[in-house]
Each structure stands twice: as structure tokens, then as C-alpha cells.
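Notes follow the structure.
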Amino acid sequence: MARRRRRRSGGRRILGLLLLVASLVALGLAVHQGKPSWYARWWYPLEHDRAINRDARLNGLDPALVAAVVWRESDYDPQAVSPKGAVGLMQLLPSTARFIESQDDSPPGNARDIRDPEVNISYGSWYLRHLIDLHDGSVPAALAAYNAGPENLRKWRADATSKGTELRVPEDVPFAETREYVTDVLDAWPLYRQAYGERLGPAS
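If you use the working numbering, the sequence shown corresponds to residues 1 to 204, in order.
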């Protein structure tokens, strides 16, 4: 009898643990799908919001969009460097910074200083606005170009046109990394607005 009781007791403990784990998993999924403000603030950090606000508005952008790009590019690490040499909060290549600096309406700052968070956000916001304008106001297309480069986006669109179709972004983008990048930023954008509306101010 003692052995049977121990077996039953052990089985109940295991069942209890399984039920607890299942409950925690279900709660986690519900929180992730609903994404309340406290969860969004935990998952999506925000720093340098003064510079983000300033430069987003100077370029006619929603600060929440710029905040989402910074998160996806560097997770707010100003020292981040990509394998391809992109640097800073908005992961700008030195060649991109020099292109921005050469434009008539380039933002203040020096391309050599793009590791500085203020300059990086200023240049990155200008470049994002430039890409949006270049692609007829399409934010998804601009994000794809920001990640993969304007040349790749032009090639993908030309390939789609040659087949009698129109490139849908991100669905038809051949680079998995770029599809995920665009989706991540578009998902994070409204969550930054939800979580940090007071700090980021109204959308432009």
C-alpha cells in the first residue's frame, strides 16, 4: 500500500507540474499576442527619444517608426557594428553617410561622426525619409531598401515587372532577412506608439 501511495503521490506532482507549465505557456502566449503596454515596454526599449523626436519630425516621420527602426537595427546599442560595416543606432554604412552628406538638404553633422548617436539618428532619419520619397511614399518598400539597399529593391521590382506582376513588400521579397526585417519593424511601429505615446508625442 505504501508503494502505491508513493506512486500516486509522485504522479500527482508530475501532473501538477505539467498543468503549471501549460498554464504559464498559455499566459505567455496570451500576453505576447495581446502585447499590453508594460509588455511592449519590456520587449521594445526606448532611448535617445529626444533625438528621435527631433529628427523624425524634421523629416516628416512618425517618431514611433524611427524608434522601431532603431530597435530592429541595433537594439539601441550605439556601439553596434554589422558584419558589413554598418555602424551605430541606425546601422549606417560609411558610404551611405557620405552620400547623405553630399546632398543639398543634408542634415547637420559630419559623416565621419556617424558613431555618435545624435548624428546617427539625424542621418538615419533623413535617409529613411529619402527612401520613402524615392518609393512613392511606401514605408514597406523604404524599409526593404533600407535593409537590402535600393539597388536590390530596384532589381526585384524589375524582375517582377518582367514577369507581368508587381512586387509586394514584404511578401515577394526574395531575401528572407529583408522580409523578416520589414515585418518586424511594421509590427513594432504601433507598439512603440502604444507603449511610449507620451514620450514620442503624436504621430506626424
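We put the beta carbon where it would ideally sit given N, CA and C, even for glycine.
Taking each of I132, G137, A142 and E101 in turn and checking the Cα distance to S122, the smallest one comes out for E101. Under the rule that a run must span 4 or more residues, the alpha helix (DSSP H) segments found entirely inside the region 106 to 184 read 117 to 134, 139 to 148 and 150 to 162.
By the C-beta density criterion, V81 is exposed, having fewer than 16 other C-beta atoms within 10 angstroms. Going by beta carbons, N59 and S106 fall outside the 9 Å limit. With distances taken between CA atoms, L46 lies nearest to Y196 out of Y196, K155, G201 and A203. Inter-segment contact for the region 169 to 185 and the region 136 to 143 is present: three or more beta-carbon pairs are separated by less than 8 Å. L89 counts as buried, since no fewer than 16 other beta carbons sit within 10 angstroms of its beta carbon.
Burial check for L18: the Cβ neighbour count within 10 Å stays below 16, so the residue is exposed. Annotation for A51: the continuous alpha helix (DSSP H) segment containing it runs D49 to L58.
Excluding its 5 nearest sequence neighbours in each direction, D49 has C-beta neighbours in its own chain below 8 Å: P63, A67, Y196, R199 and L200, listed in chain order. DSSP places S82 in no alpha helix (DSSP H); its state is neither H nor E.
DSSP links V87 through a beta bridge to V81 and L92. Secondary structure at G197: helix, using DSSP grouped into helix, strand and coil.
9 Å or more divides the Cβ of V185 from the Cβ of V173. Residues of the same chain with a CB within less than 8 Å of the CB of G85, apart from the 5 flanking positions on each side, are L93 and P94 in chain order. For Y39, the enclosing alpha helix (DSSP H) stretches over residues S37 to W43. Within the same chain, and ignoring the five residues on either side of W156 in sequence, the residues whose Cβ sits closer than 6 Å to its Cβ are L167.
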